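Everything in the sequence shown is counted per the working numbering, starting at 29 for the first residue and increasing by one.
Encoded as structure tokens, the structure appears first; notes follow it.
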Amino acid sequence: MSLPAGSTIGIIGGGQLGRMLAMAAARLGYRTVVLEPQPDCPAAQVANRQITAAYDDTAALAELAAVSAVVTYEFENVPVAAASALAVTVPVYPPARALEVAQDRVAEKKFLNGIGVPTADFCPVDNDDELTAALKKFGGSGILKTRRMGYDGKGQRVFRNMETGGFAGTCEAMGNVPLILESLVAFEREISVVAARGIDGLLATYDPAENVHREGILHSSTLPAGITSETAVSAQAAAAKILAALDYVGVIGIEFFVLADGSLLANEIAPRVHNSGHWTEAACIVSQFEQHIRAVAGLPLGNPGRHFDCVMENLIGDDILCVPALLAEPDLMLHLYGKAEARPGRKMGHFTRMSRHRLI
Ligand SMILES: Nc1ncnc2c1ncn2[C@@H]1O[C@H](COP(=O)(O)OP(=O)(O)O)[C@@H](O)[C@H]1O
Ligand SMILES: [Mg+2]
């Protein structure tokens, strides 16, 4: 059963991803209500209504459930308890299980390995002794990450060719929270696949993007990625496995490391629309945002085919000063997020530079 036009979609989280979801929903005739504690958030500027409250506020969640025909979210740290409580009265997509898996890097890697999708080797680490033992196991190199709440490279520390031992105080400096040590992957490049699964189980998978990060934040996504068609197919096949295993509904973003022989290690999954999929709004008829709304509304998915080669770049902090120059370019699509203050490291917008040559 698909949602009739005029129905209301609830969105938990009011950032730029929620904003672009609300815009896509409006184009399909839906209304949106955003749950977000920050007043005048990017999503609320284009949604029909904001419920200004914490993501775990019981009364606010009940109100969201009461006014929404379906609830979705734009970030992966929605409290699982909140998603599960909502799901008693209103459909919540993607399913809470996807949140559980994506919120904890250890659970995520166990899940991926369990369905035959390889990842970097890893060790859960809870204290400095465990860190010493884990680094020894990985030959003195590794990347230590908080298991939960990390994003844009935050909560990470790289160790290279370190003598093992002498790490007293590291875990405290990381906040005394559960950690994971991953082996340091000597990847040739990073790619991601954005894919959608409908309520009927059908899939729509976009071309893999090649991603460059700067200071832990996505800088650019380039299409096509510099990979063979075999590597592209295997990334898309891994995405299909992940979506089926989670009985997923909606759009997912999956990051991979590409090794020198073209094989892949999955890095992380994001149960939401993804920054590395923003190019789809410019190069595809159906963007990742519309695809997500179609999926959660029970509509047929659209064609994920790509019509142009392109490069998406994020506008971080003061990059926004380049906007007048960017607008002077003929084949460029700009998207700004309505954030008042351009703080360093803050995603203010993005643009997609298109090739003139039409592919299909
Ligand atoms: N095991 C690893 N080996 C090598 N580089 C890594 C590893 N894990 C992460 N990185 C680098 O750090 C970036 C951010 O790490 P990621 O796990 O994706 O965290 P975040 O949640 O902050 O995006 C990755 O895109 C990659 O460039
Ligand atoms: Mg990442």
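Note that the Cβ used here is the ideal one computed from N, Cα and C, for glycine as well.
Computed from a prediction, not measured in an experiment: that's the story for all the values here.
Regarding residue i and ligand 2, is the C-beta to nearest heavy atom distance less than 7 Å?
i	result
E283	yes
E296	yes
Near residue i, which residues of its chain fall below 8 Å by C-beta distance, leaving aside the five closest residues on each side in sequence?
i	result
Q73	R47, G366
S220	P236, A237, N239, S249, G281, I282, E283, F284, H302, S304, G305
Q264	V221, A223, T233, P236
G41	V62, L63, E64, A71, Y83, Y101, E102, F103, V106
V339	S248, S249, T250, L251, W307, T380, R381
T198	D156, L159, L172, R185
R374	I344, G345, K367
Tell me which same chain residues have a C-beta within less than 6 Å of the C-beta of residue i, skipping the five on either side of it?
i	result
V153	L159, A162, L207, L209
V98	I37, P119, V324
P67	T80
Y121	T100, V277, G278, V324
A33	G57
Within its chain, find whatever has a CB closer than 7 Å to the CB of residue i; leave out the 5 residues flanking it on each side and keep chain order.
i	result
A135	E128, V129
P252	D235, D337
A53	I37, T60, I321
A148	E210, S211, V213, L293
N141	T147
A110	Y83, D84, L89
Using a Cβ-based criterion (distance less than 7 Å to any ligand heavy atom), does residue i qualify as near ligand 1?
i	result
F166	no
V213	yes
H241	yes
Q184	yes
I208	no
Y101	no
G244	yes
I344	no
I255	no
G181	yes
G178	yes
I219	no
A111	no
K375	no
A148	yes
K137	no
K269	no
I171	yes
For residue i, report the span of its beta strand (DSSP E) as first-last.
i	result
A237	237 to 242
T174	170 to 174
P65	Note, P65: premise wrong, no beta strand (DSSP E); not H, not E.
C69	It is not in any beta strand (DSSP E) - C69 carries neither H nor E in the DSSP assignment.
H302	No beta strand (DSSP E) contains H302, which DSSP labels as neither H nor E.
Q73	Element bounds for Q73: n/a, residue is neither H nor E.
V205	It is not in any beta strand (DSSP E) - V205 carries neither H nor E in the DSSP assignment.
A232	231 to 233
S383	375 to 386
I245	245 to 251
F187	184 to 187
For the alpha helix (DSSP H) containing residue i, list its first residue and its last residue.
i	result
S112	108 to 115
A137	Checking the sequence, you will find Lys at residue 137 rather than Ala. Note, K137: alpha helix (DSSP H), 133 to 142.
K269	257 to 273
M51	44 to 55
V221	Careful: V221 lies outside any alpha helix (DSSP H), inside the beta strand (DSSP E) at 217 to 225.
F317	316 to 324
E283	Here E283 belongs to no alpha helix (DSSP H); instead the beta strand (DSSP E) covers 278 to 286.
L159	156 to 165
E91	86 to 95
V351	351 to 355
- Message: When you compare the segment 223 to 233 with the segment 329 to 347, are there three or more beta-carbon pairs, one atom per stretch, that lie closer than 8 Å?
- Response: Touching, yes, given that three or more Cβ pairs across the two stretches are closer than 8 Å.
- Quick one: any contact between the segment 285 to 299 and the segment 58 to 72, if contact means 3 or more CB pairs under 8 Å? In short, these stretches do not touch, since the Cβ pair count stays below three.
- On the three-pair Cβ rule with 8 Å, is the segment 235 to 253 touching the segment 303 to 321? Contact annotation: the segment 235 to 253 touches the segment 303 to 321, with at least three C-beta pairs closer than 8 Å.
- Message: Under 8 Å: do the segment 76 to 94 and the segment 307 to 319 share three or more Cβ pairs, one atom per stretch?
- Response: Result no; under three Cβ-Cβ pairs closer than 8 Å.
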